[in-house]
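**Student:** Just dropping this structure here.
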Amino acid sequence: MTTGLKTIVYPVKDLARAKCLFGALLQVEPYADEPYYVGYKAAGQDVGLDPNGHGKGMTGPVPYWHVDDIRGRLAALLEAGGELLQDAQDVGGGRMIASVKDADGNLVGLIQDA
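Letter by letter, the sequence shown follows residues 1213 to 1326 in our numbering.
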């Protein structure tokens, strides 16, 4: 089951500049502030900045759909013609992420919380 779009991650080249811009936009302090990821929670939305995103094939912001069964949803997307961009992996605390690219090059992310 999909519980909706709750997370968007932006690939950034200059993390310090991106933090300044998104801090001004969201007007909250980040809940995660690491060299590999900065995350904000604002208005029920999780907004992430990934300084390694371009290297992982991210060509723009990636919306992440929250799902109950990431492996099942990932398999369904691949069967439906999606191209694997990032296989399911634990990113800490049991939270799993994965992503695919559709036939038009759009990125679709999946998140399964612990």
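Here a beta-carbon is modelled for each residue, glycine too, at the ideal position from N, C-alpha and C. All figures in this text were calculated on a predicted structure; none of them were measured in a lab.
#1: Output the distance between the C-alpha atoms of A1287 and P1223, rounded to the nearest integer angstrom.
#2: With G1260 as the anchor, note down where its beta strand (DSSP E) starts and where it stops.
#3: Does E1291 come out as helix, strand or coil in the three-state DSSP assignment?
#4: Per DSSP, which one or two residues make a beta bridge with V1279?
#5: Ends of the beta strand (DSSP E) at A1331?
#6: What would DSSP say about A1300, mapped onto helix, strand or coil?
#7: Please report the straight-line C-alpha distance between L1238 and A1254, rounded to a whole angstrom.
#8: By DSSP's criteria, Y1252 is part of a beta bridge. Which residues make up the other side?
#9: For T1215 and A1326, I'd like the C-alpha separation in whole angstroms.
**Tutor:** Looking at the coordinates:
#1: Counting from 1 along the sequence shown, the entry for residue 1287 is found at position 75. Counting from 1 along the sequence shown, the entry for residue 1223 is found at position 11. A direct Cα-to-Cα measurement between A1287 and P1223 gives close to 25 Å.
#2: The count along the sequence shown starts at 1 and reaches residue 1260 at position 48. According to the DSSP assignment, G1260 belongs to the beta strand (DSSP E) that extends over 1257 to 1262.
#3: Indexing the sequence shown from 1 puts residue 1291 at position 79. Helix.
#4: For the purposes of this step, residue 1279 is taken as residue 67 along the sequence shown, with counting starting at 1. V1279 is bridged to T1214.
#5: Any answer about residue 1331 is impossible in this case: the structure gives the chain only from 1213 up to 1326.
#6: Working through the sequence shown from its first residue, we reach residue 1300 at position 88. Strand.
#7: Looking up residue 1238 in the sequence shown gives position 26. Looking up residue 1254 in the sequence shown gives position 42. The alpha-carbon atoms of L1238 and A1254 are separated by roughly 6 Å.
#8: Position 40 of the sequence shown, counted from the start, is the residue given in the question as residue 1252. Beta-bridge pairing links Y1252 to V1259.
#9: To locate residue 1215, count along the sequence shown from 1; it is residue 3. To locate residue 1326, count along the sequence shown from 1; it is residue 114. When rounded, the separation of the alpha-carbon atoms in T1215 and A1326 is 14 Å.
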